[in-house]
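Student:
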């Protein structure tokens, strides 16, 4: 009897740490992304957004709209809706509930040099995610065999993580409730390397990222842009030279000035009731003379009246005194 109890105790001591470890929350997605990330877009608190988009009244209005009905008659849309229905039946849940369970804890998109991208989606139901992936693997293999290319659906192990690809344009893996999708195997391996090495050299450790997140505050979504790197791209550099474009100078002079002088940009999105608001913050110093718009103090000043043309729906005119 004593021997049996001792064996049970030893088993519990071996299993318990694993159970505790499995229950530990996953690190922030930014802790698995490269410090070289140029752009990241994070859906940090998706529930209010899901509540709005999946409101029965909103869905009903969409389904009853002429545009939706027109699309629903097309073959591609019929196949898509049929696929959604098949997945709902296979998983035993509605697509709305599946989205909440599979992405309810947020999603992050990241872009870093060499055109590498990754999407990290955090959910609440590991078993549902596993079942969905098994169904998708089965469908992908069937389609590959029909196309005469069964080898395009493949899996391989890297640093203890099983990765999959359905074609040459993506690579993905599942780690508990987390789904990681990259645009190629090198990008996926980069994420896995950061996860395994735990060196602290990641996006979350970058000072400009931390400053951008702090400036954004508690919001539902936030985008971070490393302007210091992005401004080195010729097309971006040219776009920021608003002086060469009169219209850009007229409309966006103050914005362009701020971006030119900044190292990072944070764009925050917040859901408040039925309202969705956005705010942008940079670390650039404001120009000594701020650009502004105002109504002219008399009718003879400012821009001429807008053209009055037949069947006009809307019109807008802007005027700015570029001479000071």
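In the numbering used here, the protein residues as written are 1 to 324.
Backbone N, C-alpha and C define an ideal beta-carbon position, used for all residues, glycine too.
Pick from 51, 314 and 123: whose alpha carbon is nearest that of residue 25?
Tutor: Working through the chain shown from its first residue, we reach residue 25 at position 25. Residue 123 is the option with its Cα nearest to residue 25.
Student: Thinking just about the alpha-carbon of each residue, which of 160, 183 and 156 is nearest to the one in residue 169?
Tutor: Your numbering for residue 169 matches position 169 in the chain shown. Selected option, being the one with the closest Cα: 183.
Student: Given this structure, state the Cα-to-Cα distance separating residue 91 from residue 71, to the nearest angstrom.
Tutor: The count along the chain shown starts at 1 and reaches residue 91 at position 91. The count along the chain shown starts at 1 and reaches residue 71 at position 71. Rounded to the nearest whole angstrom, the C-alpha separation of residue 91 and residue 71 is 26 Å.
Student: Restricting to Cα atoms, I'd like to know which of 37, 86, 96 and 39 is closest to residue 51.
Tutor: On the chain shown, residue 51 is found 51 positions in, with the first residue counted as 1. With distances taken between Cα atoms, residue 51 lies closest to 96.
Student: Report the start-end ranges of each beta strand (DSSP E) in the segment 14-76 that is 3 residues or longer and not cut off at the edges.
Tutor: 39-43
Student: My understanding is that residue 264 touches residue 225, with C-beta atoms under 8 Å, so please give their C-beta distance in whole angstroms.
Tutor: Your numbering for residue 264 matches position 264 in the chain shown. Your numbering for residue 225 matches position 225 in the chain shown. Right, the Cβ-Cβ distance comes to about 7 Å (below 8 Å), so this counts as a contact.
Student: What residue range does the alpha helix (DSSP H) around residue 236 cover?
Tutor: Here residue 236 corresponds to residue number 236 of the chain shown, with the count starting at 1. It spans 234-239 - the alpha helix (DSSP H) in which residue 236 sits, taken as one unbroken run.
Student: When DSSP builds the beta bridges, which residues end up paired with residue 177?
Tutor: To locate residue 177, count along the chain shown from 1; it is residue 177. For residue 177, which the question treats as bridged, DSSP gives no partner whatsoever.
Student: Are residue 140 and residue 153 closer than 9 Å when you measure CB to CB?
Tutor: Translated into positions along the chain shown, residue 140 becomes position 140. Translated into positions along the chain shown, residue 153 becomes position 153. Going by C-beta atoms, residue 140 is nearer than 9 Å to residue 153.
Student: Who are the near neighbours of residue 31 in its chain, counting only those whose CB is closer than 7 Å to its CB and skipping five residues on each side?
Tutor: The sequence position of residue 31 within the chain shown is 31, counting from 1. Hits under 7 Å: 202 and 204.
Student: Leaving out five residues on either side along the sequence, give the residues of the same chain with a beta carbon under 7 Å from the beta carbon of residue 22.
Tutor: Taking the chain shown and counting its residues from 1, the one referred to as residue 22 is at position 22. Any reading at residue 22 must be qualified, since the residue scores a pLDDT of 46, below 50, and its modelled position is unreliable; the value itself is stated next. Contacts found: none.
Student: Could you tell me which of 48, 36 and 119 sits nearest to residue 219, measuring between CA atoms?
Tutor: In the chain shown, the residue the question calls residue 219 occupies position 219. Taking only the C-alpha atoms, the option nearest residue 219 is 48.
Student: Would you give the residue range spanned by the alpha helix (DSSP H) that residue 135 belongs to?
Tutor: Looking up residue 135 in the chain shown gives position 135. Here the alpha helix (DSSP H) through residue 135 covers 126-146.
Student: Let's see if you can read the secondary structure: which residues bound the beta strand (DSSP E) around residue 170?
Tutor: Taking the first residue of the chain shown as position 1, residue 170 is located at position 170. Residue 170 -> no beta strand (DSSP E), and no H or E assigned at all.
Student: Skipping 5 residues on each side, what residues in its chain have a beta carbon closer than 8 Å to that of residue 4?
Tutor: The count along the chain shown starts at 1 and reaches residue 4 at position 4. For residue 4, the predicted model reports a pLDDT of 44, less than 50, meaning its position is unreliable; a value from the coordinates is still stated below. So the list is empty, once near-sequence residues are dropped.
Student: In this structure, what does DSSP give as the bridge partners for residue 372?
Tutor: This structure cannot settle anything about residue 372, because the visible part of the chain is limited to 1 through 324.
Student: Given a cut-off of 9 Å on the beta-carbon distance, is the pair residue 212 and residue 106 in contact?
Tutor: Indexing the chain shown from 1 puts residue 212 at position 212. Indexing the chain shown from 1 puts residue 106 at position 106. Contact: no.
Student: For residue 308, is the classification buried or exposed, using 16 other Cβ atoms within 10 angstroms of its Cβ as the cut-off for buried?
Tutor: By 1-based counting over the chain shown, the position of residue 308 is 308. It is exposed - the Cβ of residue 308 has fewer than 16 other Cβ atoms within 10 Å.
Student: Considering only DSSP beta bridges, list what residue 272 is partnered with.
Tutor: Along the chain shown, one-based indexing puts residue 272 at 272. Bridge partners of residue 272: 275.
Student: Note down, in chain order, each residue of its chain lying with its Cβ closer than 6 Å to the Cβ of residue 327, except the 5 sequence neighbours on either side.
Tutor: Missing from the structure shown is residue 327; the chain here goes from 1 to 324 and no further.
Student: Out of 266, 256 and 190, which one is the CA nearest neighbour of residue 114?
Tutor: In the chain shown, counting from the first residue as 1, residue 114 sits at position 114. Ranked by Cα distance from residue 114, the first of 266, 256 and 190 is 190.
Student: Looking at residue 136 and residue 166, is the spacing between their C-beta atoms short of 9 Å?
Tutor: Here residue 166 is taken as the residue at index 166 of the chain shown, counted from 1. Here residue 136 is taken as the residue at index 136 of the chain shown, counted from 1. Their beta carbons are under 9 Å apart, which means residue 166 touches residue 136 by this criterion.
Student: Using the rule of at least 16 other Cβ atoms within 10 Å of the residue's Cβ for burial, across every protein chain shown, is residue 180 buried or exposed?
Tutor: Against the chain shown, residue 180 aligns to sequence position 180. Buried.
Student: Nearest-angstrom Cα distance between residue 231 and residue 270?
Tutor: Position 231 of the chain shown, counted from the first residue, corresponds to residue 231. Position 270 of the chain shown, counted from the first residue, corresponds to residue 270. Cα to Cα, the separation comes out at about 27 Å.
Student: To the nearest angstrom, how far is it from the Cα of residue 228 to the Cα of residue 173?
Tutor: Mapped onto the chain shown, residue 228 falls at position 228. Mapped onto the chain shown, residue 173 falls at position 173. C-alpha separation (whole angstroms): 32 Å.
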